[in-house]
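> Residue numbers (our numbering): 6 to 237.
Note that beta-carbon positions come from the ideal geometry of N, C-alpha and C, so glycine has one too.
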Ligand SMILES: Nc1ncnc2c1ncn2[C@@H]1O[C@H](COP(=O)(O)OP(=O)(O)OP(=O)(O)O)[C@@H](O)[C@H]1O
Ligand SMILES: [Mg+2]
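1. What does residue 112 pair with, by DSSP beta-bridge criteria?
2. Pop quiz: residue 203 and residue 129 are said to be a contact at Cβ under 8 Å. What is the actual Cβ separation, rounded to whole angstroms?
3. Report the rounded CA-to-CA distance for residue 199 versus residue 134, giving the unit in angstroms.
4. Using only the alpha-carbon positions, how far apart do residue 173 and residue 140 sit?
5. So which of 223, 218, 138 and 12 has the shortest CA-CA distance to residue 94?
6. With DSSP as the reference, label residue 30 as helix, strand or coil.
7. Per DSSP, what are the beta-bridge partners of residue 215 in this structure?
8. State the Cα-Cα distance for the pair residue 225 and residue 39, rounded to the nearest angstrom.
9. Within the segment 136-211, note down every full beta strand (DSSP E) run reaching 3 residues or more, in order along the chain.
10. Specify the secondary structure class of residue 86 as computed by DSSP and reduced to three states.
11. Along the chain, where does the beta strand (DSSP E) containing residue 220 start, and where does it finish?
12. Thinking C-alpha only, which one of 87, 110, 108 and 18 is nearest residue 67?
13. Roughly how many whole angstroms lie between the Cα atoms of residue 146 and residue 16?
14. So, is residue 148 buried or exposed, given that buried needs 16 or more other C-beta atoms within 10 angstroms?
15. How big is the Cα-Cα spacing for residue 60 and residue 122?
16. Tell me which same chain residues have a C-beta within less than 6 Å of the C-beta of residue 236, skipping the five on either side of it?
17. Heavy atom of ligand 2 less than 7 Å from the Cβ of residue 200, yes or no?
18. Thinking C-beta only, is residue 229 closer than 8 Å to residue 179?
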């Protein structure tokens with residue numbers, strides 16, 4: 006194995022370890038809620054399901070690490086139902102949203118919007134961007150998620166009512182370890198890696214991410230992919 010491979014592997018490892026944070030945090034969050042024991046049976050069952058599926062996701066990320074060390078990368082095509090993924094991660098991130106009294110509002114043209122990407126990769130894009138939309142939002146803010154298809158492309162718009170990003174920083178936020186000036190002063194935890202991971206995975210599957218923002222008002226990320234519906 007040459008050095009180039011080693012460097013790339015190290016990079017992938019760092020990114021996977023970064024993305025282990027979300028499932029671990031949500032498992033802890035839901036376990037804590039269950040420990041309080043104030044939910045009805047239906048809600049409890051829902052929380053158990055989330056804990057189970059987030060544990061599966063953890064396992065799949067750990068398997069990615071093992072795959073890297075075995076140099077046995079599995080790619081292959083898989084179709085992912087975006088509606089299901091978005092609703093799933095809105096639920097998973099609900100405790101985080103609730104902690105700031107933030108409402109996540111989802112709108113979708115129809116229930117069958119597909120992209121050719123493995124679910125575990127889509128989950129890493131969505132959780133990183135949705136988590137930011139909550140983290141950098143104001144107290145009692147909103148996160149609007151719109152899903153639609155145009156000209157054989159799938160669009161996922163994630164808009165928040167948060168702190169915003171200055172014009173001159175918009176192109177830098179996708180760089181590794183870059184955090185905006187306003188974020189640095191706000192005492193919000195982060196390593197500046199989430200967006201670079203989301204962008205890398207999106208581009209690996211033929212998509213792109215665009216961002217626009219109004220400082221102190223809102224930020225909107227638009228993720229687009231070639232639609233997988235036409236080959237259904
Ligand atoms: N929705 C948003 N609103 C305002 N600023 C944002 C938003 N999303 C990202 N940013 C800015 O872009 C920076 C980079 O985001 P990124 O997700 O890569 O890292 P992070 O959130 O700081 O840390 P982490 O690695 O835990 O995700 C953030 O620090 C923040 O300054
Ligand atoms: Mg982030």
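With the structure as the only source:
1. Against the chain shown, residue 112 aligns to sequence position 107. Its beta-bridge partners are 151.
2. Looking up residue 203 in the chain shown gives position 198. Looking up residue 129 in the chain shown gives position 124. With 8 Å as the limit, residue 203 and residue 129 qualify as a contact, their Cβ atoms being about 7 Å apart.
3. Looking up residue 199 in the chain shown gives position 194. Looking up residue 134 in the chain shown gives position 129. Between residue 199 and residue 134, the C-alpha separation is close to 8 Å.
4. Position 168 of the chain shown, counted from the start, is the residue given in the question as residue 173. Position 135 of the chain shown, counted from the start, is the residue given in the question as residue 140. Rounded to whole angstroms, residue 173 to residue 140 spans 21 Å at the Cα level.
5. Walking along the chain shown from the start, residue 94 turns up at place 89. Distance check between residue 94 and each of 223, 218, 138 and 12 places 138 closest, using alpha-carbon atoms only.
6. Counting from 1 along the chain shown, the entry for residue 30 is found at position 25. Helix.
7. Position 210 of the chain shown holds residue 215. Paired residues: 227.
8. Position 220 of the chain shown holds residue 225. Position 34 of the chain shown holds residue 39. Using only the alpha carbons, I get a separation of about 34 Å.
9. If we require 3 residues or more, the beta strand (DSSP E) runs fully inside the segment 136-211 come out as 147-155 and 158-165.
10. Here the question's residue 86 lines up with position 81 in the chain shown. Three-state DSSP puts residue 86 in a strand.
11. Here residue 220 refers to the residue found at position 215 when the chain shown is read from its first residue. Here residue 220 belongs to no beta strand (DSSP E), and DSSP marks it neither H nor E.
12. The residue given as residue 67 occupies position 62 in the chain shown. The shortest Cα separation from residue 67 among 87, 110, 108 and 18 belongs to 18.
13. Locating residue 146 in the chain shown gives position 141, counting from the first residue. Locating residue 16 in the chain shown gives position 11, counting from the first residue. Using only the alpha carbons, I get a separation of about 34 Å.
14. For the purposes of this step, residue 148 is taken as residue 143 along the chain shown, with counting starting at 1. Buried, because 16 or more other Cβ atoms sit within 10 Å of the Cβ of residue 148.
15. Taking the chain shown and counting its residues from 1, one reaches residue 60 at position 55. Taking the chain shown and counting its residues from 1, one reaches residue 122 at position 117. C-alpha separation (whole angstroms): 20 Å.
16. Within the chain shown, numbered from 1, the residue matching residue 236 stands at position 231. Confidence at residue 236 is low in this model, with a pLDDT of 48, below 50, so its placement is unreliable and no value can be given for it.
17. Mapped onto the chain shown, residue 200 falls at position 195. The answer is yes for residue 200.
18. For this step, residue 179 is matched to residue 174 along the chain shown. For this step, residue 229 is matched to residue 224 along the chain shown. No.
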